[in-house]
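Peer 1: Right, I'll just put the structure down here and ask away after.
Protein chains: 2
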Amino acid sequence: MTKRMGRVTADITITADGYVAGPNQTEERPFGDDGGDGWGDRLHAWMFETPEENRAEVEQMTAPGAVIMGRNMFGPVRGEWNRDWKGWWGDNPPFHAPVFVLTHYPRDQQPMDGGTTYHFVTDGLESALKQAREAAGDGDVMIQGGANTINQYLAAGLIDELRLHIVPITLGAGARLFDGVPPLNLEQVESRAASSVAHVTYRVLS
Amino acid sequence: MTKRMGRVTADITITADGYVAGPNQTEERPFGDDGGDGWGDRLHAWMFETPEENRAEVEQMTAPGAVIMGRNMFGPVRGEWNRDWKGWWGDNPPFHAPVFVLTHYPRDQQPMDGGTTYHFVTDGLESALKQAREAAGDGDVMIQGGANTINQYLAAGLIDELRLHIVPITLGAGARLFDGVPPLNLEQVESRAASSVAHVTYRVLS
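Right, here's the structure in full:
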């Protein structure tokens, strides 16, 4: 019997023109100039303003066995870890699972409340995926973002399933999903319309 | 009593990464390098492979009272009209309505079979829209494409409703919807999932 291996998924909210964040991202405005509060209020209104009708999609986002994220998504610290930064999500992050943060600067793992532990991976995408797969067991590994990290995994052919939540705004600039990714063949495996968002799930065929 | 005025709509098939055609468009491959036959077979598979389940969307595409299209969408002729070119669609085009073609080069109107007449407009977007509105009466005016023409109308704030048919491929390059368009507030007024396409209709708020 071979052990079941979980899928590698990416799950992200994008504008109708494909952006996951606006331009000029800063610590005070991690989602950049997005026409809102800079914390993604307009991008993520579907989660907070109509939670009931989007319950399935939100639950799926918090179900993975392990998470991978880029350095910029973890926080604003650049270069060496010279600040006591523990992510944007407070003492009890919503991941409740091991989180592998891609970085060029080594750092000891950082346990948090609620089952989240941040692990800092300095030897690249594939190593992070290998470690996340081991940590997830037969659970899924979710590439959490941002766009740059998902695009790198897509370009490397390492993502099985892409779950997009397409929201009714355009930004015209910023961090764009699929930017620099070679052409992909996808299979639309699920699509569901909610009142202010279109959920579309693709399997990545090649 | 004021006369009802039709809406100005744009209706276009886009890839998951927002392209309406691939790069390197030519007369032989009007949709460019799209991984298919160059005539948009992969983009428009949803219309031809599953016509029954997409009947409503296809019917809506052919319902406008008048149509506007860019010069490149009409044909490959550049500069003066020095060839006997009557569009890509043969003697009986599927528009069955007046079609206003944006061009810098004057040309007499060209009647076709089935109610289509091509009118050539040399004095810009707004003039084309004014003429199309008059021709459409209380019917809708549809901006047919390509991306560049729709983007110009979007940037000018002249489109009321945007109907997107999002198909499960990415192209990574080519003619992209929303390219160069300032940020928009949209309202998702309809969304419907078919088996290999997600139909999303937006009202353009600002």
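Line order of the protein sequences matches chains A and B.
Taking our numbering, I'd label the letters of the first sequence as residues 1232 to 1437.
Taking our numbering, I'd label the letters of the second sequence as residues 1232 to 1437.
Each residue gets a CB set at the ideal place from its N, CA and C atoms; glycine is no exception.
Bear in mind that the values here come from a model prediction, so they are computed numbers and not experimental data.
For N1313 of chain B, name the three-state secondary structure that DSSP assigns.
Peer 2: Correct three-state label for N1313 of chain B: coil.
Peer 1: According to DSSP, is M1304 of chain A part of a helix, a strand, or is it coil?
Peer 2: Here M1304 of chain A sits in helix by DSSP.
Peer 1: Nearest-angstrom Cα distance between M1232 of chain B and E1365 of chain B?
Peer 2: Only weak support is given to the placement of M1232 of chain B: the predicted model assigns it a pLDDT of 47, under 50, and the value that follows is read from those uncertain coordinates. Cα-Cα distance, rounded: 18 angstroms.
Peer 1: If we call anything under 7 angstroms between Cβ atoms a contact, is M1236 of chain B one with P1295 of chain B?
Peer 2: The answer is no: Cβ separation not under 7 angstroms.
Peer 1: Closer than 7 angstroms, Cβ to any Cβ of chain A: which residues of the stretch 1399 to 1425 of chain B, in chain order?
Peer 2: Listed by position, the residues of the stretch 1399 to 1425 of chain B near chain A (Cβ gap below 7 angstroms) are P1399, I1400, T1401, L1402, G1403, F1409, V1412, P1413, P1414, L1415, N1416, L1417, E1418, Q1419, S1422, R1423, A1424.
Peer 1: Between the stretch 1408 to 1418 of chain B and the stretch 1389 to 1409 of chain A, do at least 3 Cβ pairs fall closer than 8 angstroms?
Peer 2: The answer is yes - the stretch 1389 to 1409 of chain A touches the stretch 1408 to 1418 of chain B, with three or more Cβ pairs under 8 angstroms.
Peer 1: Please state the DSSP three-state secondary structure of S1422 of chain A.
Peer 2: Looking at S1422 of chain A - three-state DSSP - the assignment turns out to be strand.
Peer 1: Start and end of the alpha helix (DSSP H) containing Y1384 of chain B?
Peer 2: Note, Y1384 of chain B: alpha helix (DSSP H), 1378 to 1386.
Peer 1: Please work out which residues of its chain come closer than 7 angstroms, Cβ to Cβ, to M1278 of chain B, disregarding the five sequence neighbours upstream and downstream, and give them in chain order.
Peer 2: So the list reads N1285, V1289, once near-sequence residues are dropped.
Peer 1: Hey, is the stretch 1333 to 1344 of chain B in contact with the stretch 1267 to 1278 of chain B, meaning 3+ C-beta pairs nearer than 8 angstroms?
Peer 2: Output reads no: the stretch 1267 to 1278 of chain B does not touch the stretch 1333 to 1344 of chain B.
Peer 1: Can you have a look at T1432 of chain B and say buried or exposed, based on whether 16 or more other CB atoms are within 10 angstroms of its CB?
Peer 2: It is buried - the Cβ of T1432 of chain B has at least 16 other Cβ atoms within 10 Å.
Peer 1: Check each residue of the stretch 1240 to 1260 of chain A: if its Cβ is closer than 7 angstroms to any Cβ of chain B, include it; give the result in chain order.
Peer 2: Result list: A1247, D1248, G1249.
Peer 1: Under 7 angstroms, do A1367 of chain A and A1297 of chain A count as touching if we go by C-beta distance?
Peer 2: Yes, these two residues count as a Cβ contact at 7 angstroms.
Peer 1: On a CA-only basis, which of A:V1435, A:P1254, A:Q1419, A:E1259 is nearest A1429 of chain A? Give me that one, please.
Peer 2: Ranking the options by Cα distance to A1429 of chain A, first place goes to A:Q1419.
Peer 1: Does the stretch 1375 to 1382 of chain A come within contact of the stretch 1250 to 1260 of chain A, defined as at least 3 CB pairs closer than 8 angstroms?
Peer 2: Touching, yes, given that three or more Cβ pairs across the two stretches are closer than 8 angstroms.
Peer 1: Any C-beta of chain B sitting closer than 7 angstroms to the C-beta of M1232 of chain A?
Peer 2: Because M1232 of chain A carries a pLDDT of 47, less than 50, the predicted location of this residue cannot be relied on, and no value is offered for it.
Peer 1: Say yes only if the C-beta of Q1256 of chain B is nearer than 6 angstroms to one or more non-hydrogen atoms of the ligand MG, and no if none qualify.
Peer 2: For the structure depicted, the ligand MG is absent and the ligand set is empty, with no information on it obtainable.
Peer 1: Can the beta-carbon of P1329 of chain A be found less than 7 angstroms from the beta-carbon of T1348 of chain A?
Peer 2: Yes; because the gap between Cβ atoms is below 7 angstroms, this pair is in contact.
Peer 1: Are T1293 of chain A and P1325 of chain A close, meaning C-beta to C-beta below 7 angstroms?
Peer 2: Yes, these two residues count as a Cβ contact at 7 angstroms.
Peer 1: Are the C-beta atoms of S1427 of chain B and some chain A residue less than 7 angstroms apart?
Peer 2: Yes, contact with chain A.
Peer 1: Who does E1392 of chain A pair with in a DSSP beta bridge?
Peer 2: A:T1240, A:R1434.
Peer 1: Under 9 angstroms between beta-carbons, which chain A residues line up against Y1433 of chain B? List them in chain order, please.
Peer 2: Near Y1433 of chain B (Cβ distances below 9 angstroms), the residues of chain A are A1247, P1399.
Peer 1: So G1267 of chain A contacts chain B; which residues on that side make the cut at Cβ distance below 8 angstroms?
Peer 2: Under the 8 angstroms cutoff, chain B gives no residues; its nearest Cβ is about 11 angstroms from G1267 of chain A.
Peer 1: Quick check on M1292 of chain A: does DSSP put it in helix, strand or coil?
Peer 2: Three-state result, M1292 of chain A: helix.
Peer 1: Return helix, strand or coil for R1407 of chain A, following the three-state DSSP convention.
Peer 2: R1407 of chain A falls in the strand class under three-state DSSP.
Peer 1: Can you tell me whether H1335 of chain A is buried or exposed, with buried defined as 16 or more other CB within 10 angstroms of its CB?
Peer 2: Exposed, by the Cβ-count rule.
Peer 1: Which residues mark the beginning and the end of the beta strand (DSSP E) in which A1252 of chain B is found?
Peer 2: Per DSSP, A1252 of chain B belongs to the beta strand (DSSP E) from 1250 to 1252.
Peer 1: Please state if the CB of R1338 of chain A and the CB of W1312 of chain A are separated by a distance shorter than 7 angstroms.
Peer 2: Taking 7 angstroms as the Cβ cut-off, W1312 of chain A and R1338 of chain A qualify as a contacting pair.
Peer 1: Quick check on the burial criterion: 16 or more other C-beta atoms within 10 angstroms. Buried or exposed for A1387 of chain B?
Peer 2: A1387 of chain B comes out exposed.
Peer 1: Ignore the nearest five residues each way along the sequence and tell me which others in L1436 of chain B's own chain have a CB closer than 7 angstroms to its CB.
Peer 2: If we look at L1436 of chain B and ignore the five residues flanking it on each side, its Cβ neighbours are N1416, L1417, E1418.
Peer 1: Could you name the residues that DSSP lists as bridge partners for F1331 of chain A?
Peer 2: Paired residues: A:I1299, A:H1350.
Peer 1: Go to M1278 of chain A, then tell me how far its alpha helix (DSSP H) extends in each direction, as first and last residue.
Peer 2: 1276 to 1280 is the extent of the alpha helix (DSSP H) around M1278 of chain A.
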